[in-house]
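J.: First residue of the sequence shown? That's 29 in my numbering, and the numbers climb one at a time after it. Virtual Cβ for every residue (Gly too), placed ideally from N, Cα, C.
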Amino acid sequence: MPDQPPATLVIGTDAGVTTITLNRPDSLNALNGEMRRELLAAFKAVARDEAVRAVVITGAGRGFCAGADLRGGSGEREFRRVLSDEYNPLIEAIRGLAKPVVASVNGVAAGAGVSLALAADIVVASEEARFIPAFNRIALVPDSGLTRTLVRALGRHRAMEILLGERQLGADDAHAAGLVAAVVPADRLADATRELAERLANGPTGTIGLTKRLVNAAEDATLHESLAAEAALQEIAGRGADHSEGVAAFAEKRDPEFGGR
Ligand code: T3D
């Protein structure tokens, strides 16, 4: 964990699950520079911490994340620099983290807040969640990976409709589109997220990390490359203690106890 307690996040770890809560509820957890830097530091810290086996990201208050903090106006903003130095490394840190990441979307996600939610491996949403790209409303282009995520998940035509604000994405729409794994009543979200994250944290998390590497690579790979990558990482997974435990548990007709290795 970072040395200083973060000013814009609440971070807690319990039973192998680290929960990172965006904590600027007055602005629906809009991303100011401090929050962007603290988030990146938090994801780097969980990557280093072997006790952390799954990560949850959520928002305090009624919003998940309203994207870039717009309160400073547009005049002084250095778009390319902040995207290259702050937003993009954050998205890459989440995608590259060899541990499962769950976004628990408690309310509205807008702009880069949508990008942040969809950078997670599994998204769980409250019935009150909405996914609003919003970039187009303020005459910006989509960023923080959203173009790629939506085009790959939904195809260019549905992605265009959503990015141009012609198709609204409530929680159920996002679920129907395959972006969200489950939609639950608001008062069930914390428990549903916890159950999922603990299940993941108790799983063979070393292998989950390898699976994530394969899925990341498969987005761009040819079949030949995917087959070769699977064979190489299966060699690693198959030699792990968790694989031995999984096979032993199967033979003994009991639940496996995975240690993440
Ligand atoms: O420079 C860079 O950083 C480049 C990167 C850009 C990436 C981006 O994310 S661009 C997109 C930025 N985000 C937006 O354009 C979304 C702006 N917000 C909204 O459209 C709406 O607030 C929502 C649709 C998200 C929610 O609407 P609603 O009606 O539920 O809430 P509200 O009343 O609009 O907002 C509640 C408060 O949050 C309000 O403050 P107040 O009046 O109570 O003091 C509002 O100003 C504040 N808030 C909402 N979004 C932001 C924000 N404050 C700062 N920045 C925000 N993005």
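Looking at R105 and the ligand T3D, is the gap between the Cβ and the nearest heavy atom below 8 Å?
T.: Checking every heavy atom of the ligand T3D against the Cβ of R105, one is found closer than 8 Å.
J.: So, A137 versus F159, is the Cβ gap smaller than 9 Å?
T.: Their beta carbons are under 9 Å apart, which means A137 touches F159 by this criterion.
J.: According to DSSP, what are the bridge partners of T47?
T.: The partner list for T47 (beta bridge, DSSP) reads G40, V84.
J.: Measuring alpha carbon to alpha carbon, tell me which residue in N164, T47, T36, P34 is nearest D219.
T.: For the residues N164, T47, T36, P34, the minimum Cα distance to D219 belongs to T47.
J.: Under the assumption that S132 contacts V152 (Cβ atoms under 8 Å), give the Cβ distance between them as a whole number of angstroms.
T.: The pair is a contact, with the Cβ atoms about 5 Å apart (cut-off 8 Å).
J.: Per DSSP, I150 forms a beta bridge with which residues?
T.: According to DSSP, I150 bridges with V130.
J.: Would A246 and A257 be called neighbours here (beta carbons separated by less than 9 Å)?
T.: For A246 and A257, yes; Cβs fall inside 9 Å.
J.: With 16 as the cutoff for other CB atoms within 10 Å, does L125 come out buried or exposed?
T.: That one is buried.
J.: Can you grab the Cα-Cα spacing for the pair A277 / G287, in whole Å?
T.: Their Cα atoms are separated by approximately 13 Å.
J.: Taking a contact to mean a Cβ-Cβ separation below 9 Å, would you say L217 touches N164 in this structure?
T.: Result no, Cβ atoms of L217 and N164 do not sit closer than 9 Å.
J.: Assuming the contact rule is C-beta atoms closer than 8 Å, A181 and L207 should be a hit. Round their C-beta distance to whole Å, please.
T.: About 6 Å; that satisfies the 8 Å criterion.
J.: Alpha carbon to alpha carbon, how far is R241 from R267? Give it in angstroms, no decimals.
T.: Approximately 17 Å, taken between the alpha carbons.
J.: Suppose contacts are defined by Cβ-Cβ distances below 9 Å. Is C93 in contact with G100 by that definition?
T.: Contact: no.
J.: Let me know the beta strand (DSSP E) ranges lying completely inside the stretch 227-274, each 3 residues or longer, listed in chain order.
T.: Fully enclosed beta strand (DSSP E) runs of 3 or longer: not present.
J.: Where does V169 fall in DSSP's three states?
T.: V169: coil per DSSP, three-state reduction.
J.: Between the Cα of H203 and the Cα atoms of E156, A162, T233, which residue gives the shortest distance?
T.: For H203, the nearest C-alpha among the options comes from E156.
J.: Look at the Cβ atom of G61, then the Cβ atom of E114, and state whether they are nearer than 9 Å.
T.: Cβ distance < 9 Å, so G61 and E114 count as in contact.
J.: Using beta-carbon positions only, say whether V179 and D149 come within less than 9 Å of one another.
T.: Contact flag unset, no.
J.: With DSSP as the reference, label L158 as helix, strand or coil.
T.: Per the sequence presented here, residue 158 reads as Arg, with Leu not at that position. DSSP places R158 in strand when its eight states are reduced to three.
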